[in-house]
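Let me begin by presenting the structure, written as structure tokens, before commenting on it.
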């Protein structure tokens, strides 16, 4: 197995066209064991619970790369938002996700775009798009270059009040090899410090995987007022 340096990725698939069908079969051949698939309902219930505790209403949701659509579907069915928007650059994943029962009620407005985050950013810059209460961005940033991350993060903080965010650091990616015998050849290897530094100007950490936009909130107007746990 070849080793890569910090921040280096495999040249197998690059650019913002999204991964091909081969990627999804290579990386998702055992979906029943994968976080975000087997426990997608638990992710959605966790989000519903933490927002209920803080009396935060979630009426609109955007997913910044919904993949095969498991978490996106469960979150929509948990919150019943009046407006939902999803983007996914992979043509294969986009088609597969559209087969899912994403829309729980006819009154919800759902828009799906076969876009990358970069394409979304370009469209956002052209016109003012309504913000969303909740954004989802799980296992996406390890596939973005540093330039792409710096481009989309400021816009994401404007677009959402809260962001449910996860990304594997170099340590998690290393553990996946030793514990799960899974080596993601498509991902950048980056440290925890790198991601925290990138996020800090734009988001405050208010819970496990839960970020609060610094564009919309500060300590004076936040619903998450347990200041000991704000990072």
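In the working numbering, the protein residues as written are 137 to 367. By construction, the Cβ of each residue, glycine as well, lies at the ideal position given by its N, Cα and C atoms. Fair warning: this is a prediction, and the values are worked out from it, not measured in the lab.
Residue range of the alpha helix (DSSP H) that includes residue i
{"i": "residue 176", "result": "176–189"}
{"i": "residue 230", "result": "227–233"}
{"i": "residue 266", "result": "Residue 266 -> no alpha helix (DSSP H), and no H or E assigned at all."}
{"i": "residue 293", "result": "282–295"}
Bounding residues of the beta strand (DSSP E) (the contiguous stretch that carries residue i)
{"i": "residue 196", "result": "196–200"}
Bridge-paired residues (DSSP) for residue i
{"i": "residue 361", "result": "Paired residues: none, contrary to the question."}
{"i": "residue 247", "result": "221"}
{"i": "residue 341", "result": "347"}
{"i": "residue 302", "result": "274"}
Whole-angstrom distance between residue j and residue i, CA atom to CA atom
{"i": "residue 208", "j": "residue 272", "result": "8 Å"}
{"i": "residue 322", "j": "residue 190", "result": "38 Å"}
{"i": "residue 173", "j": "residue 362", "result": "31 Å"}
{"i": "residue 298", "j": "residue 278", "result": "20 Å"}
{"i": "residue 258", "j": "residue 195", "result": "25 Å"}
For residue i, three-class secondary structure by DSSP
{"i": "residue 336", "result": "coil"}
{"i": "residue 204", "result": "coil"}
{"i": "residue 215", "result": "helix"}
Beta-carbon contacts of residue i that lie in its chain and below 7 Å, excluding the five residues immediately before and after
{"i": "residue 146", "result": "Model confidence at residue 146 stands at a pLDDT of 45, short of 50, so the residue's coordinates are unreliable and nothing is read from them."}
{"i": "residue 327", "result": "305, 306"}
{"i": "residue 313", "result": "319"}
Cβ-based neighbour list, residue i, same chain, cut-off 6 Å, excluding 5 preceding and 5 following
{"i": "residue 223", "result": "249, 251, 256"}
Residues of its chain near residue i, where Cβ-Cβ distance is below 8 Å and the 5 sequence neighbours each way are ignored
{"i": "residue 286", "result": "334"}
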